[in-house]
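In this text, residue positions in the sequence shown follow this note's numbering: the first is 6, and each later residue adds one. Glycine is no exception: its CB is placed at the ideal position from the N, C-alpha and C atoms.
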Amino acid sequence: MASEPRFSVRFNENDQVVSLAGVMRPETPAGLDPVVAALNDAAARVRGRLYVNLKRLEHMSFAAHRVFAAALEAALEAHPDLSLTLVTSSVMPWATRRYAPLAARRPRLSVEQYDRAFYPGQGVIESDGLLPVLRAQTSVIWKHERALLTRHGLKPGATIADVCCGIGDFAMLVWRNFAPRRIVAVDHYRPFLEYARTVARDFGGEAIEYQAGDAAALLLADDSFDFVTSRLALQIFDRPADILAELKRVCRPGGRVYVTNEMMGHIYAYPKDEPVTWAYRLIPRMAAGLGMDVNFGPKARAYLEDTGLVDIKVDLLEVNNLNSDLRDFAAVAAGWRDYVVGEVAAATGQTPEVTARLRSALEDFLYIVENRRGFATWPIYVASGQKPV
Ligand SMILES: C[S@@+](CC[C@H](N)C(=O)[O-])C[C@H]1O[C@@H](n2cnc3c(N)ncnc32)[C@H](O)[C@@H]1O
């Protein structure tokens, strides 16, 4: 008996997109007939350019690839005015590589790795330099966030997806403290996932499912999680609404989507408030040049509502040097100094003078964090909403 197809094909005529998803490994070439038929139908109906979206195609066998490539070529032959763009993502590097030779032969066919444009800060975020920063941040935030997670609806035994999970430390803490029935943690940067898997192996969290994926096209089923988290992440994308739509899609009706985001422009320290305030006004402008909004925190409420979530809750999680572990907060401040001066300033083309002034201001911030009479505060907004039943 033929096995069930594990892929789907959909044509959206308004957007002129054929979308493939799942695993394309048919037992015979005929198994690909629905894909070829959808492609031919779409090619006959669109004007100009047809997009073929491969962002959620997890795997395509070589045999399937041959049939599909032949169908693409046939569509171009049959429609001399048609152009084809295959849209891949860096999560599927094989797709980009596999269709490059075809694109080189066929001028009307192009391959576009969409997340290059969508995620302009990628080079700065997907960097090993961020690893110590993420580790220190989670340590200092967890003490406050644990109770907020309960307030925002996380219960023991839930099914959880943590999207943009970074180095997986949050997933590990949730695993230990909330004993979820299932937890899947997704990130785009494989070295972070490797680190996460090693930590999970060493600390008994092997059941955490770490997955390479793209937050804007998750390889997770609709309506499948009780609680979907994405922490300090909407703020790094220039189209956060697209990510929220995906978080909502994988959340079950009645479940909750939970996000945290910074308001860096309100980081404050006293004394030395002048240089520190100058630096934390400049950093959001630098980040904006990389397509990020590190002042996204207070905007989350409106975004959650616009995504169609209800029962919105928002809390201010304030890390300061009186309510937090001083060593952890100092590690965060030192991590920011090194990362902002070393990577963000270079990526945004700051002059040596501005970079030196930034270094000095971020040193001041670290000094205040550690200073017994000083006060330093870092605001993070925690927001969640329920997917309507
Ligand atoms: C600022 S970090 C936050 C990480 C983690 N949530 C935390 O709080 O420590 C943002 C994370 O988003 C990941 N990321 C960026 N683009 C992504 C995408 N398109 N899909 C999934 N993860 C992505 C980065 O690799 C990085 O780990």
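Item to check | Inter-stretch contact (C-beta, 8 Å, three-pair minimum) for the segment 36–51 and the segment 14–26 | outcome: yes
Checklist entry - If you check the beta carbons only, do F183 and L153 fall under 8 Å apart? => result no
Checklist entry - Going by beta carbon distance, what residues of the same chain come within less than 6 Å of V394, once the five residues before and after it are set aside? => result P258 and G259
Item to check | alpha helix (DSSP H) segment containing S365, residue limits | outcome: P357 to E375
Checklist entry - Between Y344 and ligand 1, is the CB less than 7 Å from at least one heavy atom? => result no
Checklist entry - Tell me which same chain residues have a C-beta within less than 7 Å of the C-beta of G210, skipping the five on either side of it? => result M177 and W180
Checklist entry - From what residue to what residue does the alpha helix (DSSP H) around T353 run? => result No alpha helix (DSSP H) holds T353; DSSP gives it neither H nor E.
Checklist entry - In whole angstroms, what is the alpha-carbon distance linking W283 and R236? => result 26 Å
Item to check | Exposed unless 16 or more other CB atoms sit within 10 angstroms - verdict on P185 | outcome: buried
Next on the checklist: For F208, count the other beta carbons within 10 Å of its own beta carbon; 16 or more makes it buried, fewer makes it exposed. Which is it?
Outcome noted: exposed
Item to check | Given I272 as reference, the closest of N326, R244 and D227 once Cα atoms are compared | outcome: N326
Item to check | CB of L55 within 8 Å of CB of L107, strictly | outcome: no
Item to check | First and last residue of the uninterrupted alpha helix (DSSP H) at R151 | outcome: L136 to R156
Checklist entry - In terms of residues, what are the limits of the beta strand (DSSP E) holding G340? => result Note, G340: premise wrong, no beta strand (DSSP E); alpha helix (DSSP H) at L331 to Y344.
Checklist entry - Mapping DSSP to helix, strand and coil, what is L81? => result helix
Checklist entry - Between L139 and I172, what straight-line distance do the alpha-carbon atoms span, to the nearest angstrom? => result 7 Å
Checklist entry - Could you give the distance in angstroms between the alpha-carbon of A336 and the alpha-carbon of T93? => result 38 Å
Checklist entry - Using a Cβ-Cβ distance under 8 Å, would P303 count as near chain D? => result No chain D appears in this structure, which consists of one protein chain only.
Checklist entry - Taking the runs of the beta strand (DSSP E) that are 3 residues or longer, which of them lie wholly in the segment 30–72? => result 54–65
Checklist entry - Does the segment 331–345 touch the segment 111–118, meaning 3 or more C-beta pairs lie closer than 8 Å? => result no
Checklist entry - Say the cut is 7 Å; is the CB of D133 nearer than that to a heavy atom of ligand 1? => result no
Checklist entry - Just to confirm, are A166 and F230 a CB contact at a threshold of 8 Å? => result yes
Checklist entry - Where in the segment 193–218 do unbroken runs of the beta strand (DSSP E), each at least 3 residues long, occur, reported from the N-terminal end onward? => result 214–217
Next on the checklist: Along the chain, where does the alpha helix (DSSP H) containing I248 start, and where does it finish?
Outcome noted: P245 to V255
Checklist entry - Apart from the five residues just before and just after Y344, which ones in its own chain have a Cβ nearer than 7 Å to its Cβ? => result G134, L135 and V138
Checklist entry - Can at least three beta-carbon pairs, one atom from the segment 276–292 and one from the segment 360–367, be found at a separation below 8 Å? => result yes
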